[in-house]
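Participant: Residue numbers (UniProt numbering), protein chains in the order written: chain S, 1 to 331; chain U, 1 to 331. The beta-carbon is built from N, C-alpha and C at its ideal position, and this holds for glycine as well. Just so it is clear, the structure is predicted and the values come from calculations on it, not from any experiment.
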DNA sequence: CTAATCACTGCAAACGTTTGCACAATGGAC
DNA sequence: GTCCATTGTGCAAACGTTTGCAGTGATTAG
């Protein structure tokens with residue numbers, strides 16, 4: 001039924017060791033046998049059994065990827081990057097969607113750990129302790145979350161927050177409202193701290209924190225009215241979806257963006273160019289991040305680089321579109 | 001280092017066969033040994049090596065999922081459904097993103113076939129012949145594409161197209177433009193045929209086919225002007241993204257939706273509620289489709305049901321929102 | 001009390017590879 | 001012509017499981 005290395009060896013008239021070597025490490029056999037074996041294998045449609053190979057080598061040439069929500073385009077992009085890089089390195093990707101549930105996340109990691117060469121956890125919702133534990137059980141890379149002692153790839157959230165503030169202040173805004181994301185979100189914490197710091201060291205700039213909101217459209221709808229009441233002339237939203245929600249609510253109240261208020265987002269997801277006005281936002285190169293995480297993981301796996309579990313920070317950049325403008329002139 | 005079944009057996013004071021049976025088929029050992037083994041295994045942190053098990057059983061308890069583009073939320077949802085259902089059945093999911101490239105798709109399928117129990121291909125871009133071939137190499141389920149002789153899960157594209165037409169005609173529209181998707185798209189073909197048929201059998205209804213456009217925002221931008229020139233009062237777009245593009249271009253030209261023209265989409269992706277006006281569209285229950293595809297696959301894998309490679313059709317429904325209204329009164 | 005059945009457990013083979021080691025053949029240096 | 005190094009190949013063990021088969025007691029029927 002299925003063709004094994006034994007069949008190839010028999011047809012080619014060599015031993016199975018030779019077949020194995022011809023295909024895996026071509027420089028260990030003579031040129032003529034290599035060609036012979038390669039041809040035989042190809043015509044017979046032979047593909048090495050991964051389970052058998054994994055059993056003896058102890059490696060699976062596959063990695064695990066854990067994400068909170070595959071439906072969220074933010075994570076979709078990261079998956080895409082991970083998948084592409086993994087393939088080009090000859091690795092396959094196991095995927096696990098945790099539905100934003102920390103306990104499912106822990107379980108997924110535990111399940112994966114023993115059956116892959118390494119695991120990438122994206123925007124981990126789990127506790128530091130659980131992650132430390134997981135890192136001890138096998139190669140692990142954290143994406144979009146930093147944890148000392150564990151290799152981590154993050155976006156420069158602080159830099160993104162600062163460049164947004166600089167942009168708004170340059171436009172002339174002095175009262176700026178922040179619609180924060182979930183308290184449990186690591187990146188929200190990073191952004192909040194950077195916004196506060198930047199506001200504190202700028203003259204005559206007030207940062208108004210409106211509180212924490214769900215990181216989705218409806219969260220923005222909720223926050224918009226608070227922002228208006230606060231007298232802010234610019235609103236920094238936790239992410240693009242929230243920004244879109246804010247804009248929609250302002251529209252309903254008859255307020256114009258950016259004429260009456262400026263609004264910014266984070267992430268630069270596709271929807272930011274589908275709404276009117278197009279969003280000024282901070283681009284997070286997610287595919288690149290996916291790729292970088294695979295590189296970091298394979299680095300650990302292959303070279304056993306337990307030396308420097310570095311925290312890599314990927315630079316981000318401001319994308320200025322139509323949702324920001326100078327504040328309205330005081331009457 | 002890593003704990004094997006042998007270690008568990010030794011500590012528990014039983015043979016490895018007993019450990020294996022206690023964990024895999026608990027009814028084959030006595031109650032007391034079962035508990036003993038289970039406890040020992042748990043405290044030792046034993047997890048069976050999948051490769052070893054797969055080697056002897058010939059099954060991997062994992063399935064492969066091939067999608068054209070993980071960044072596309074349409075496929076993200078399907079992945080989510082597949083993943084969830086697979087987990088609850090004890091299966092893991094290998095994922096492969098083909099970047100919309102048919103040859104990458106073929107390769108991905110070939111790579112996966114030998115290392116998983118079955119493969120699900122989502123919106124296959126490959127040729128019928130290649131798919132037939134793949135179906136011969138192992139269990140295969142097609143999603144969002146129908147192929148005789150291969151188990152397929154599809155949306156009721158025809159039904160969706162008809163319900164849109166009925167809605168627009170009921171509103172009073174008589175000149176309806178269709179912005180078609182890629183010629184290579186199976187679902188586009190299905191929708192086109194249904195629209196044509198429905199228009200043909202309705203009195204005084206003209207279906208204006210504007211041609212094929214990229215299934216994205218810019219495709220809608222391109223098509224909008226043609227639609228206006230055609231004198232249509234309603235525009236049926238191939239999908240939601242195209243519909244959003246159409247609306248944006250109409251807005252730029254000072255035309256109001258739905259006052260001047262009605263616009264509809266397909267898919268009901270999240271963005272359809274983020275734009276103004278919210279889109280009237282056809283909801284495609286994608287997560288459900290993902291789940292159904294796993295069920296179909298496991299059906300084939302487990303019960304070896306080569307009897308009826310059925311083509312399952314998932315019903316769809318119209319979601320009426322703000323982008324459709326009666327046509328403007330003739331002056 | 002004997003024989004037969006039954007429930008439980010252990011032995012050992014098998015799954016398809018990779019790889020350390022041994023061996024054979026070849027070629028070059030002296 | 002001898003010796004050594006080099007190159008290429010094969011043998012066989014090992015990886016961690018599952019599972020058919022056989023064996024051991026215990027239980028039950030006669």
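1. To test your reading of the DSSP string, which unbroken alpha helix (DSSP H) runs of 4 or more residues are found completely within the segment 227 to 299 of chain S?
2. What residues of chain U sit near residue 244(S), judged by a beta carbon separation below 7 Å?
3. Would you report the Cα separation of residue 222(S) and residue 254(S), rounded to the nearest angstrom?
4. Which ranges does the alpha helix (DSSP H) cover as unbroken runs of at least 4 residues, wholly within the segment 176 to 213 of chain S, from first to last along the chain?
5. On the three-state DSSP scale, how would you describe residue 170(U)?
6. Are the segment 230 to 241 of chain U and the segment 210 to 220 of chain U touching by the rule of at least three beta carbon pairs closer than 8 Å?
7. Nearest by alpha-carbon distance to residue 281(S): which of 267(S), 40(S) and 290(S) is it?
8. List the endpoints of the continuous alpha helix (DSSP H) containing residue 103(U).
9. Could you tell me which of 73(S), 64(S), 107(S) and 85(S) sits nearest to residue 93(U), measuring between CA atoms?
10. Please tell me whether residue 140(S) has its Cβ less than 8 Å away from any Cβ of chain U.
11. Would you be able to state if there are at least three C-beta pairs under 8 Å between the segment 137 to 154 of chain S and the segment 283 to 298 of chain S?
12. Between which two residues does the alpha helix (DSSP H) carrying residue 132(S) extend?
13. Would DSSP call residue 118(S) helix, strand or coil?
14. Would you say residue 73(U) lies against chain S (beta-carbon separation less than 8 Å)?
15. If you draw a straight line from the C-alpha of residue 227(S) to the C-alpha of residue 275(U), how long is it?
16. Mind checking residue 233(S): buried by the 16 CB within 10 Å criterion, or exposed?
17. Quick check on the burial criterion: 16 or more other C-beta atoms within 10 angstroms. Buried or exposed for residue 83(S)?
18. Buried or exposed: residue 334(S), going by 16 or more other Cβ atoms within 10 Å of its Cβ?
19. Residues of chain U with CB closer than 8 Å to the CB of residue 52(S), please, in chain order.
20. In chain S, which residues lie less than 8 Å from residue 152(U) when you measure between Cβ atoms?
21. Tell me whether the beta-carbon of residue 104(U) lies closer than 8 Å to the beta-carbon of residue 119(U).
22. Report the residue from 295(S), 301(S), 319(S) and 317(S) whose alpha carbon sits nearest the alpha carbon of residue 88(S).
23. I'd like to know whether the C-beta atoms of residue 324(S) and residue 262(S) end up nearer to each other than 8 Å.
24. Could you compute how far the alpha carbon of residue 54(U) sits from the alpha carbon of residue 61(S)?
25. By the 10 Å Cβ neighbour count, where 16 or more other Cβ atoms means buried, how is residue 106(U) classified, buried or exposed?
26. Suppose contacts are defined by Cβ-Cβ distances below 8 Å. Is residue 95(U) in contact with residue 95(S) by that definition?
27. May I have the straight-line CA-CA distance separating residue 209(U) from residue 173(U), to the nearest angstrom?
28. Quick check on residue 195(S) - is its C-beta less than 8 Å from some C-beta in chain U?
29. Could you spell out where the beta strand (DSSP E) holding residue 97(S) opens and where it closes?
30. Once the 5 residues before and after residue 126(S) are set aside, which same chain residues still bring their CB inside 7 Å of it?
31. CA-CA distance, residue 316(S) and residue 284(S)?
32. Within 8 Å of any Cβ in chain U, is that where the Cβ of residue 105(S) sits?
33. From which residue to which residue does the alpha helix (DSSP H) around residue 30(U) run?
34. Cβ of residue 207(S) within 8 Å of Cβ of residue 176(S)?
35. Distance, Cα to Cα, residue 72(S) vs residue 76(U)?
36. Residue range of the alpha helix (DSSP H) that residue 56(U) falls in?
Facilitator: The short version:
1. 240 to 252
2. 274
3. 16 Å
4. Within the segment 176 to 213 of chain S, the complete alpha helix (DSSP H) runs of at least 4 residues are 186 to 200.
5. helix
6. yes
7. 267(S)
8. 102 to 113
9. 64(S)
10. no
11. yes
12. Where residue 132(S) is concerned, the enclosing alpha helix (DSSP H) stretches over 128 to 137.
13. strand
14. yes
15. 21 Å
16. buried
17. buried
18. The structure shown does not extend to residue 334(S), since chain S is modelled only from 1 to 331, so the question has no answer here.
19. 51 and 55
20. Within chain S, no residue comes near residue 152(U); the closest Cβ sits about 22 Å away, beyond 8 Å.
21. no
22. 295(S)
23. Yes, the pair counts as a contact, with Cβ atoms nearer than the cut-off.
24. Looking at the two C-alpha atoms, the distance is approximately 16 Å.
25. buried
26. yes
27. 15 Å
28. no
29. 92 to 97
30. 102, 105 and 106
31. 5 Å
32. no
33. Careful: residue 30(U) lies outside any alpha helix (DSSP H) and carries neither H nor E.
34. yes
35. 7 Å
36. 50 to 57
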